[in-house]
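Residue numbers (our numbering), protein chains in the order written: chain A, 9 to 235; chain B, 9 to 235. Glycine included, each C-beta is placed from N, C-alpha and C at the ideal position. For clarity, every value in this text was computed on a predicted model and none was experimentally measured.
Number of protein chains: 2
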Amino acid sequence: MKFIIFGLGNFGSSLGQKLTEQGNEVIGVDNDMNKVDAFKEKISHTVCLDSTDEIIVSGLPLKDTDIVIVAIGEDQGANIMTTAVLKNLEVKRLISRAITPLHETVLQAIGVDDIVHPEEETAERWAKRLCLRGVVDSFELSGQYSIVEVNVPQKYVGKSLQELSFRRKHNLLVLTTIKKEESKNLLGLKQDENKVQGVASPKTVLEENDIMVIYGANKDIKKLLNE
Amino acid sequence: MKFIIFGLGNFGSSLGQKLTEQGNEVIGVDNDMNKVDAFKEKISHTVCLDSTDEIIVSGLPLKDTDIVIVAIGEDQGANIMTTAVLKNLEVKRLISRAITPLHETVLQAIGVDDIVHPEEETAERWAKRLCLRGVVDSFELSGQYSIVEVNVPQKYVGKSLQELSFRRKHNLLVLTTIKKEESKNLLGLKQDENKVQGVASPKTVLEENDIMVIYGANKDIKKLLNE
Ligand SMILES: Nc1ncnc2c1ncn2[C@@H]1O[C@H](COP(=O)(O)OP(=O)(O)OP(=O)(O)O)[C@@H](O)[C@H]1O
Ligand SMILES: Nc1ncnc2c1ncn2[C@@H]1O[C@H](COP(=O)(O)OP(=O)(O)OP(=O)(O)O)[C@@H](O)[C@H]1O
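Here you go:
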């Protein structure tokens, strides 16, 4: 797919690099030449221009682009101007980053397809992760249900999922387990790697130091962790 | 649980608010009085002080605090100094935000328990979401397996999970479905709300406009979406 990202700060450049690594065609735009140079090997194409200038921006291949992202951060004015310019040039799908609630209201008024809040979205994920002890990572589906990675409690070690009947007894689904495996990194140094053990089946046996990935209502997950 | 967050920018203040909403005791610290005032109703306690000052910081209830987070962003120097001060005061668990790879190396050298990259972590999640068409949101477990929210393909509408046998035919687990329900917001205006339909059972029937949440190997998910 084809992307154009305006603003190569931490969020914009990370997004540009990851999309490029996944095989997409990405144009990274910034008016700071240092940024344009810093990422020219990591993003498919980088270009130096002022994205608030409608005439210059209209010179980009916008008609062929699937998704355009405005990732400019601190300069809310430049972010809003760039969003307005792109809306006017009728790009297929427009995603803008919002910095404050007022900024978000303006973006909604202009009419973007999606709004990103990079810092707030990470804060939400870490708030869950830090609160539930034994939780390695988590992904919340709409407020009351989550997918949570937890260390296998000692009392379940050596038992199979069929024996433990998570769905019947705890109303939870076990998706898989994750095992830590030692591997060597590029410098030949030992490092721990997390290996997902496929899709869980009733015969899967939980072992010491495994991480199990479970899905269910937050209150049921909390109950399990507090037992 | 008890938290202290240094730096009430977007990431720090969002984290402080969410942890407070979840019933934790949070102290939010910033040397900018405007920030301290802005969040005094939303974070349990807010305090104005310069976190690079070891004497002043040692006056905080660090011994009783479970987790300390350094969320200062742009000022890498202040972030590093604050991290060093807290490490010296032997806090129980120290998490710092890293802005650049060099900054991260310094934090690892000082010895923090966890490092957060707010913008990069959100970029990773959006890169997946933007690449797979039909994907509403996704959560990746270690590189090859993901949990993905997808629109129910037309050909599955009206069929039960038992009929579709996702695990046997596609090696995928269906966790649940999400339905859009209309509700009224605080201003009495209609808004769409996503409602998770509990934990899926073999009898669950997929309906038009549902979102189904599936788990499996990325290649198997891609195969399903491309059919
Ligand atoms: N008018 C403009 N045209 C093109 N690029 C711009 C313009 N204004 C700002 N930028 C670029 O946007 C990028 C991101 O913005 P900035 O660094 O201010 O935000 P940030 O909040 O620090 O970003 P992040 O949190 O992602 O690191 C910068 O590299 C900056 O050069
Ligand atoms: N020495 C210090 N003591 C206390 N607070 C500090 C200190 N230095 C900076 N801060 C605060 O840290 C907060 C976050 O830092 P800053 O706003 O520079 O980063 P940011 O990258 O914009 O953050 P975010 O991306 O989370 O919005 C600011 O509110 C600032 O006042």
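Residue i: which of the options sits nearest, CA to CA?
i: R175 (chain B); options: B:Y223, B:E189, B:A79, B:K188; result: B:Y223
i: A46 (chain A); options: A:I77, A:G20, A:G67, A:N32; result: A:G20
i: V207 (chain A); options: B:R133, B:D218, B:Q25, B:S154; result: B:S154
i: S209 (chain A); options: A:S66, A:Q30, A:E171, A:E132; result: A:E171
i: N226 (chain B); options: B:N217, B:Q205, B:K136, B:L214; result: B:K136
i: K95 (chain A); options: A:W134, A:L70, A:N39; result: A:L70
i: I103 (chain A); options: A:G36, A:T91, A:E128; result: A:T91
i: N87 (chain A); options: A:E112, A:L97, A:G36; result: A:E112
i: R133 (chain B); options: B:D122, B:F147, B:V124; result: B:F147
i: L240 (chain A); options: B:D218, B:E128, B:V158; result: The structure shown does not extend to residue 240 (chain A), since chain A spans only 9 to 235, so no value can be given for it.
i: L214 (chain A); options: A:S191, A:K187, A:K203; result: A:K187
i: R101 (chain B); options: B:G36, B:N18, B:M9; result: B:M9
Roughly how many whole angstroms lie between the Cα atoms of residue i and residue j?
i: L16 (chain A); j: V55 (chain A); result: 11 Å
i: I13 (chain A); j: V34 (chain A); result: 7 Å
i: L149 (chain A); j: V120 (chain B); result: 30 Å
i: T184 (chain B); j: Q205 (chain B); result: 6 Å
i: E29 (chain B); j: N42 (chain B); result: 22 Å
i: D58 (chain B); j: I64 (chain B); result: 8 Å
i: E201 (chain A); j: E189 (chain A); result: 5 Å
i: S66 (chain B); j: T60 (chain B); result: 11 Å
i: T212 (chain A); j: E216 (chain B); result: 34 Å
i: S173 (chain A); j: Q152 (chain B); result: 27 Å
i: V78 (chain A); j: V114 (chain A); result: 14 Å
i: Q25 (chain A); j: N32 (chain A); result: 10 Å
i: Q162 (chain B); j: D122 (chain A); result: 24 Å
My guess is that residue i and residue j are in contact by the Cβ rule of under 8 Å, so how many angstroms apart are they, rounded?
i: I229 (chain B); j: V156 (chain B); result: 5 Å
i: F11 (chain B); j: D74 (chain B); result: 7 Å
i: M220 (chain B); j: V160 (chain B); result: 5 Å
i: E81 (chain B); j: I107 (chain B); result: Rather than Glu, the amino acid found at residue 81 (chain B) in this sequence is Gly. Right, the Cβ-Cβ distance comes to about 6 Å (below 8 Å), so this counts as a contact.
i: L138 (chain B); j: H178 (chain B); result: No, L138 (chain B) and H178 (chain B) are not in contact; Cβ-Cβ is about 23 Å, not under 8 Å.
i: V99 (chain A); j: V76 (chain A); result: 5 Å
i: T130 (chain A); j: P126 (chain B); result: 4 Å
Would you identify the three-state DSSP class for residue i, choosing helix, strand or coil?
i: I64 (chain A); result: helix
i: K48 (chain A); result: coil
i: V114 (chain A); result: helix
i: I229 (chain A); result: helix
i: M41 (chain A); result: helix
i: V93 (chain A); result: helix
i: G85 (chain B); result: helix
i: D122 (chain B); result: strand
i: E157 (chain B); result: strand
i: T130 (chain B); result: helix
i: G20 (chain A); result: helix
i: E201 (chain A); result: strand
i: R137 (chain B); result: helix
i: T73 (chain B); result: coil
i: R176 (chain A); result: helix
i: K187 (chain B); result: strand
i: K26 (chain A); result: helix
i: K10 (chain A); result: strand
i: I149 (chain A); result: It should be pointed out that residue 149 (chain A) corresponds to Leu in this sequence rather than to Ile. Residue state, collapsed to three classes: strand.
query: Hey, is the stretch 40-59 of chain A in contact with the stretch 153-173 of chain B, meaning 3+ C-beta pairs nearer than 8 Å?
result: By the Cβ test, the stretch 40-59 of chain A is not in contact with the stretch 153-173 of chain B, since fewer than three Cβ pairs between them sit closer than 8 Å.
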